[in-house]
Every structure is written in structure tokens, then in C-alpha cells.
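**Q** Shown below is the structure under consideration.
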Amino acid sequence: MKIKVRHDAIRYMARAEADVLILELERKDVLLSEGFLRDLMSRAMSKVRAKEVGLCLYLNCDYEFIRRRPSEAMVKYNSQPSRALVCFLSEPYINTWLRRILSSVKDKIAEVNFDYVRYPSAEWCFCPRHIKEYERMNIDVEFLKEIIAKDRNKLVDLYAEDHMDVVMWTHLRRRDVMAAIHRAVELVKDLGMKVSITLPPDVMGVRCGGGLSRLGCLCEYGVSLDAIGSVPDEVHISLPARALIDRALIEQAASFLKLILGEDAHIAVEVSMRSLRDVARIEDILKREGLELVVRCI
Numbered sequence: 000m001k002i003k004v005r006h007d008a009i010r011y012m013a014r015a016e017a018d019v020l021i022l023e024l025e026r027k028d029v030l031l032s033e034g035f036l037r038d039l040m041s042r043a044m045s046k047v048r049a050k051e052v053g054l055c056l057y058l059n060c061d062y063e064f065i066r067r068r069p070s071e072a073m074v075k076y077n078s079q080p081s082r083a084l085v086c087f088l089s090e091p092y093i094n095t096w097l098r099r100i101l102s103s104v105k106d107k108i109a110e111v112n113f114d115y116v117r118y119p120s121a122e123w124c125f126c127p128r129h130i131k132e133y134e135r136m137n138i139d140v141e142f143l144k145e146i147i148a149k150d151r152n153k154l155v156d157l158y159a160e161d162h163m164d165v166v167m168w169t170h171l172r173r174r175d176v177m178a179a180i181h182r183a184v185e186l187v188k189d190l191g192m193k194v195s196i197t198l199p200p201d202v203m204g205v206r207c208g209g210g211l212s213r214l215g216c217l218c219e220y221g222v223s224l225d226a227i228g229s230v231p232d233e234v235h236i237s238l239p240a241r242a243l244i245d246r247a248l249i250e251q252a253a254s255f256l257k258l259i260l261g262e263d264a265h266i267a268v269e270v271s272m273r274s275l276r277d278v279a280r281i282e283d284i285l286k287r288e289g290l291e292l293v294v295r296c297i
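Structure follows, in C-alpha cells:
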């Protein structure tokens, strides 16, 4: 059985614990900028023995962009703006900012992977842009805020009961996520690179480490695998490495992916890249289980 192991993926994460391949970044706040990415690519290429290198980043998480344009930030239900999360309705982020950055490195990378494209939780986004859109659709914003503040898990029950405000709000959030994915995918393809999307396992209804149901994932994150379909070149489902010991879970995930996306669907299994020995360990497990998976190394 052929085992696909992605040694070549560079992961950009705008977080304190960010790792780039086996390189440790000294800066606590990683800023996405043209200079940083050019330096990152040259450093990584000197460490990685690969013909093609991929760039992995969060689509809507960018400290530097929000620092420069705070009005484009996501806003929590309690009116607290994010320092890093970019609103999915932000026009300049993908169309201008991300285009300029990716254009500067397009000759050095073959693939861009957008990781976990979703809202962080049901608490977001209540920025002025979204409030205006909700009110235009006659959605009771204060009712939503009250439910989210008390127990946002009730959103699933209200959605199942066809509560109009919750149903319309959920569909608008899914629309916003999908619109951002379409714009980002179109941008990457226009620049001549392959593009993939990584989603959490919850979109399959697979409970992995306290995961949500598919409906719960839709209400919480605004994500539906059925809606994403074959928009990018590939869709990866990200499972923790510990899931490899559960053959039933892997088989369930693989069956669902192939049902929705076809035979070319892949599962990305997250493993540590602090040591290349981790990859060897995962390879042994995969071979023993007789599975064909893509292992995305972080």
C-alpha cells in the first residue's frame, strides 16, 4: 500500500507556539509579511530535501493585517474585537493583502493549504458589517447574543426546531465561509499554484476528542463539508495522530470523504515535526493498518 507522507509542507501559524517544519521560530508573534515569508522560504528550503514545497496557513488569522486595519477584525458577541482574526466579510484581506503576499512567493512554492477555514466558535462574528447584514435579514441579533452568552450549545436544538433567527444566522455564516474559500481558491489558482483546504474531523460527524456532530459543527463553526465539495484541488480532514490506533474511526472518516468528495479524497493526520522519528513512527502504524493516508506534518 502506498503511503503518502508530506515532509514538504511548511506550516505558517500566527501563534506563539508556531513551528515551521523542524525550525523553531524565535519570535513569539509571527507576522505575515512579504519579508518574513521570503526569509522563511529560503531557510526552509535549505533544510528540506524536497522537489516541491507547500505553504500552509490560516486563511483568516493575521496579526499584522489586523494591526494595520483593526476595523477588518472579527468581533465577539460581547463587542470584543480580535487581535488576529480577520472577518470573513473583509474585502481587502484576500483581494489585496493576501494576493500581494502570495504573489511575492509564488515562484518558490507549489501548493497553498488553508488550514481550518472556519469561525473559531459561535461567539463570532458580530462586527458592524455582520450586524448590518443580520438586521437586513431581520435576524434578532440581541436574541442570538443572549443564547450565545448563556449556552451556545442550545443553538443546535433551536436550529433543529427550525427557529428562523438561528437557521438564517447559521446559513449566513456558512455562506460567508464559503465565499472566502471561493475567493482564496480562485486567487491561488490564478497565481498558478495548487490549493487545498484542511477541515476539522467534526464536519464528518466523527467524534474525536470531544468533537461535535455535523450539525453542531455547522452551528459552531459555519462549516459544512457538503458545501465545500470539490472547490479546492483537495480537501483534507485533519485527525490527531492518536486516532490512528482506532481503525474504525479511520475507516469511517475515509468512507465519508470518498462518499462526498470521490476517490481522490485524503485524510491528513497531524504529527509532531520536532523529530523526524515521529514520521517514521506514523509510517509504521499506517503500513500495519494497510491504509493510504496523507500525513500532514506539523
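Mapping to numbering that gives the first Met the number 0: the sequence shown position 55 is 54, numbers consecutive. Think of the CB as a built atom: it goes at the ideal place given N, C-alpha and C, for glycine as much as any other residue.
#1: Within the continuous beta strand (DSSP E) that includes E110, where are the two ends?
#2: Check whether the stretch 118-126 and the stretch 135-153 are in contact - that is, three or more C-beta pairs closer than 8 Å.
#3: Taking the straight line between their C-alpha atoms, what separation do you get for Y62 and K131?
#4: Would you decide whether R73 is buried or exposed? Buried here means 16 or more other CB atoms lie within 10 Å of its CB.
#5: Any idea what DSSP makes of M73, helix, strand or coil?
#6: Can you name the start and end residues of the beta strand (DSSP E) that V140 belongs to?
#7: Using a Cβ-Cβ cutoff of less than 6 Å, which residues in the same chain neighbour Y133 once the five nearest sequence positions on both sides are dropped?
#8: Determine the DSSP secondary structure at A88, reduced to helix, strand or coil.
#9: In the DSSP assignment, the alpha helix (DSSP H) including S103 goes from what residue to what residue?
#10: Can we say the stretch 83-101 touches the stretch 164-180, given the rule of at least three CB pairs closer than 8 Å?
#11: Need the endpoints of the alpha helix (DSSP H) that P119 sits in, please.
#12: For K144, I'd like the list of residues in its chain whose CB is within less than 6 Å of its CB, leaving aside the five on either flank, ordered along the chain.
**A** Reading from the atomic positions:
#1: E110 to D114
#2: yes
#3: 25 Å
#4: Per the sequence shown, the amino acid found at residue 73 is Met instead of Arg. The residue is buried, with at least 16 neighbouring Cβ atoms inside 10 Å.
#5: strand
#6: Segment V140 to D150 is the alpha helix (DSSP H) holding V140; no beta strand (DSSP E) there.
#7: V140
#8: Contrary to the premise, residue 88 reads as Leu rather than Ala in this sequence. Looking at L88 - three-state DSSP - the assignment turns out to be coil, as it is neither helix nor strand.
#9: R98 to V104
#10: yes
#11: Note, P119: premise wrong, no alpha helix (DSSP H); not H, not E.
#12: Y76
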